[in-house]
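Q:
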Amino acid sequence: MPHLYPAQLPNRVRQDTKRSAEVKFYENLRLQLDQRWIVFYSVAWLGLNGNGSPPRDGEIDFLVAHPEHGILLIEVKGGRIHYDNERAQWITTDRDGVDHDINPFAQVRTCKYALLEKIKSLALWANRWVVIGHAVAFPDVVISGTRLPPDAPAEILIDATMVSNLPARFTEILDYWHGEDGSAQDDYALLIADLERLLAPHTELPNPLSVQVVEEDREIFHLTEEQFSTLGLLSRIRRAAISGCAGSGKTMLAVEKAKQLAQEGFRTLLTCYSAPLAEHLAQVTQAVTNLDVCAFRQLSASMAQAAGLVVIERVNEEDAYTLSQAIRSCPNLRYDAILVDEGQDFEDTAWLALQDCLRDGTESVFYVFFDDNQQVYGHCGCVPVELPHYPLVNNVRNTRTIHRRLVQYYESSTKSVSRGPQGRNTEVVIYKDILDLKRQLGRILHRLTVNEAVASRDIVVLTPKERENSALFNITLENGFRMVERASISIREVQIATVSEFKGLERPIVVVAELDEDLMTQNARHEAVCYVAFSRPRHHLILLGKSDVLSVIG
55 MPHLYPAQLP NRVRQDTKRS AEVKFYENLR LQLDQRWIVF YSVAWLGLNG
105 NGSPPRDGEI DFLVAHPEHG ILLIEVKGGR IHYDNERAQW ITTDRDGVDH
155 DINPFAQVRT CKYALLEKIK SLALWANRWV VIGHAVAFPD VVISGTRLPP
205 DAPAEILIDA TMVSNLPARF TEILDYWHGE DGSAQDDYAL LIADLERLLA
255 PHTELPNPLS VQVVEEDREI FHLTEEQFST LGLLSRIRRA AISGCAGSGK
305 TMLAVEKAKQ LAQEGFRTLL TCYSAPLAEH LAQVTQAVTN LDVCAFRQLS
355 ASMAQAAGLV VIERVNEEDA YTLSQAIRSC PNLRYDAILV DEGQDFEDTA
405 WLALQDCLRD GTESVFYVFF DDNQQVYGHC GCVPVELPHY PLVNNVRNTR
455 TIHRRLVQYY ESSTKSVSRG PQGRNTEVVI YKDILDLKRQ LGRILHRLTV
505 NEAVASRDIV VLTPKERENS ALFNITLENG FRMVERASIS IREVQIATVS
555 EFKGLERPIV VVAELDEDLM TQNARHEAVC YVAFSRPRHH LILLGKSDVL
605 SVIG
């Protein structure tokens, strides 16, 4: 693979239909060229003219360089191309049939001379002969047998038939330019090194994680808006089971659907199994009337109390029975619509009880949102099979880096596709013992909140251990950071939770700590822990663990 500038195209470029030809050309370069090639995409410069005239701007679609073959500037124009000889004008026709005047040959020549002037401004090259070639790529058309105007020799054109073998075509074009000049440059490696310093200087400007989070949140917000279209598709459907990988927007859709139904006058219930998740859902919907939000066990208890039932002592298995008894004793407690989040956590008896809570039985609105990861939730088939199934394919919450890590633990008949921003690489930090664990965690939190300017409320530390077995709950680290059990606005307090407690929740930055031998021994299915933990951060994931465990999961 060549050395690419930039190494990855941002989503805004990939999704820009006006750049589709350039994006395809970039991908062909990435796949076809070897490591000796250097590629600059959409590179721009400002050059000074030696005659005292104003600076000349230069910008080219692609600059490719090879230490043996030379330097080539390429202008790419997609669509159907034709030449109007009466106007002496090149024209491209886009996918909508609209014509656009273009002048790629003059454009690439102008850029070449502007780049030569920029190179000549460097002391080493001021008085040296420099050979640079230029070319034009029409990747959507074939030029063979076509009469071309004199400013467009076939020797410098790249058409659809040549895109599959770009290295050979580049060599042919550069040989053409060397022939025109009568000689080849004998010091391309030196010139290319100076071009790299000139066009892609290694400059360390602060780019704190907090800034990246804001930028990535914009992309994620737009993806989230697109996911709302799913609700439109389901608007006429009363009963549905909506599945997807972690990060596919299930909870977001459950909340929005619950709000819509409540605002339309339906007496609506939004429930889940996890109490912390229910608390979060209640907070984000607190201004909505006609909507009850609570965990399943809380629902059972409140219904029993409203129905006047006396429940002395219960265990989890009795929640469903108690709920059914309460509803039968007091039918006016029933709902017009029920939405269940994290449905894979519910047992069969709970589904019977919840459907007892519907005012009109199978005619009432009943939605179940669940994670269909068979590798982790082998029992997820307990979601009522009679409900029509609608899978969510796109991950719209996590960066692509995080998605690649969590999808290793995802197994389903439906593929999960990441559409989020690229994001930072996962950090892996090794500790030796408990003292070192606390020291390393303190350093991580200091760097995140000070160097990276991340608010402490945007960070959560998760542990796979139970509270009583963890060394991190309610402690103060050496550098003054306090580990607290609830999110805090204090700059020196950071929330800690178990992985199971934080299931269904999310945070911009997640540190998964205490990844030691207990993860492999006490947690018989460490895949489930990793899947939940690794899918909690939207933007950045940090793993803090023992080296032998990290080598397995990291």
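At the far end of the sequence shown sits residue 608, using this note's numbering, and the numbering has no gaps. Cβ coordinates follow ideal geometry from the N, Cα and C atoms, glycine included.
Assuming Val-514 contacts Arg-478 (C-beta within less than 8 Å), just tell me the rounded distance between them.
A: 17 Å between Cβ atoms; not a contact.
Q: Would you report the Cα separation of Ile-210 and Leu-178, rounded to the nearest angstrom?
A: When rounded, the distance between both Cα atoms is 29 Å.
Q: Quick one: what does DSSP say Gly-187 is sitting in, helix, strand or coil?
A: DSSP places Gly-187 in strand when its eight states are reduced to three.
Q: Counting only the same chain and skipping the five closest in sequence on each side, list residues whose C-beta sits under 8 Å from that of Ile-381.
A: Counting only Cβ-Cβ distances below 8 Å, and skipping sequence neighbours, we find Met-357, Ala-361, Leu-387, Arg-388, Ala-407, Asp-410 and Cys-411.
Q: What's the call for His-123, buried or exposed, on a 16-neighbour Cβ count within 10 Å?
A: Buried: at least 16 other Cβ atoms inside 10 Å.
Q: How far does the beta strand (DSSP E) with Leu-595 in it reach, from first residue to last?
A: Per DSSP, Leu-595 belongs to the beta strand (DSSP E) from 591–599.
Q: Beta-carbon within less than 7 Å of Thr-278's beta-carbon, same chain only, minus the 5 sequence neighbours each way: which residues are those?
A: Contacts found: Gly-303, Met-306 and Val-450.
Q: Just how far apart, CA to CA, sit Ser-554 and Val-152?
A: For Ser-554 and Val-152, the distance between alpha carbons rounds to 55 Å.
Q: For the beta strand (DSSP E) containing Arg-536, name the first residue and the last one.
A: Taken as a continuous stretch (DSSP letters only), the beta strand (DSSP E) holding Arg-536 covers 536–538.
Q: How about Trp-31 and Val-67: do their beta carbons lie closer than 8 Å?
A: No answer is possible for residue 31: it lies beyond the span of the chain, which begins at 55 and ends at 608.
Q: From Glu-539, Ala-355, Asp-399 and Asp-271, pick the residue whose C-alpha is nearest to that of Ser-378; which is it?
A: Comparing Cα positions, the closest option is Ala-355.
Q: Between the alpha carbons of Pro-591 and Ile-274, how many angstroms are there, rounded?
A: Cα to Cα, Pro-591 sits roughly 13 Å from Ile-274.
Q: Taking 7 Å as the limit between beta carbons, can you name the residues of its chain near Asn-65, skipping five residues before and five after?
A: These residues qualify, in order along the chain: Glu-273 and Pro-475.
Q: Buried or exposed, going by whether 16 or more other CB atoms sit within 10 Å of the CB of Lys-492?
A: The residue in question, Lys-492, is buried, as its Cβ has 16 or more Cβ neighbours within 10 Å.
Q: Output the boundary residues of the beta strand (DSSP E) element that contains Trp-567.
A: Per the sequence shown, the amino acid found at residue 567 is Ala instead of Trp. It spans 561–569 - the beta strand (DSSP E) in which Ala-567 sits, taken as one unbroken run.
Q: Which of the three DSSP states is assigned to Glu-440 in this structure?
A: DSSP places Glu-440 in coil when its eight states are reduced to three.
Q: Can you check whether the CB of Arg-454 is closer than 8 Å to the CB of Ser-472?
A: Going by C-beta atoms, Ser-472 is nearer than 8 Å to Arg-454.
Q: On a CA-only basis, which of Phe-420, Pro-262, Gly-298 and Gly-301 is nearest Thr-322? Give me that one, please.
A: Cα-wise, what sits closest to Thr-322 is Phe-420.
Q: Please look up how many angstroms separate the CB atoms of Leu-18 and Val-184, rounded, as I've assumed it's under 8 Å.
A: Outside the shown range of the chain, which is 55 to 608, sits residue 18, and nothing can be said about it.
Q: In angstroms with no decimal places, state the Cα-to-Cα distance between Arg-542 and Ala-587.
A: Arg is not the amino acid found at residue 542; the sequence shown has Ser there. When rounded, the distance between both Cα atoms is 21 Å.
Q: Could you work out which residue in Gln-462, Ala-243, Leu-393 and Arg-134 is closest to Arg-292 when comparing CA atoms only?
A: Cα-wise, what sits closest to Arg-292 is Leu-393.
Q: From the DSSP output, read off the bridge partner residues of Thr-322.
A: Partner(s): Leu-345 and Ala-391.
Q: Closer than 6 Å by C-beta to Val-483: which residues in its own chain qualify, once you throw out the five before and the five after it? Chain order, please.
A: Around Val-483: Gln-494 and Leu-598.
Q: How is the alpha helix (DSSP H) around Arg-351 delimited, first residue to last?
A: That run of the alpha helix (DSSP H) goes 350–360.
Q: Reducing DSSP to helix, strand and coil, say where Arg-413 ends up.
A: DSSP places Arg-413 in coil when its eight states are reduced to three.
Q: Classify Leu-531 as helix, strand or coil using the three-state DSSP reduction.
A: Leu-531 falls in the coil class under three-state DSSP.
Q: Just mark Pro-262 as buried or exposed, buried being the case when its beta carbon has 16 or more other beta carbons within 10 Å.
A: It is exposed - the Cβ of Pro-262 has fewer than 16 other Cβ atoms within 10 Å.
Q: From Lys-131 to Ala-254, what distance separates their C-alpha atoms?
A: Going by the C-alpha atoms only, they are around 24 Å apart.
Q: Beta-carbon separation of Lys-633 and His-188 under 8 Å?
A: Nothing about residue 633 can be reported from this structure: the residues present for the chain run from 55 to 608 only.
Q: Taking Cβ positions, are Leu-569 and Leu-604 nearer each other than 8 Å?
A: For Leu-569 and Leu-604, yes; Cβs fall inside 8 Å.
Q: When you compare only the Cα positions, how much space is there between Ser-175 and Leu-249?
A: Looking at the two C-alpha atoms, the distance is approximately 12 Å.
Q: Which residues in the same chain as Ala-142 place their Cβ atom closer than 8 Å to its Cβ, once the five residues preceding and following it in sequence are excluded?
A: Counting only Cβ-Cβ distances below 8 Å, and skipping sequence neighbours, we find Pro-203.
Q: Rounded to a whole number of angstroms, what is the C-alpha to C-alpha distance between Glu-20 and Met-216?
A: Because the chain spans 55 through 608 in this model, residue 20 falls outside it and cannot be assessed.
Q: Does DSSP put Ser-544 in a helix, a strand or coil?
A: Reduced to three states, the DSSP call for Ser-544 is coil.
Q: State the beta-bridge partners of Phe-94 as determined by DSSP.
A: Phe-94 is bridged to Tyr-59 and Leu-117.
Q: Whole angstroms is fine: what's the gap from Ile-596's alpha carbon to Glu-333's?
A: One C-alpha to the other measures close to 26 Å.
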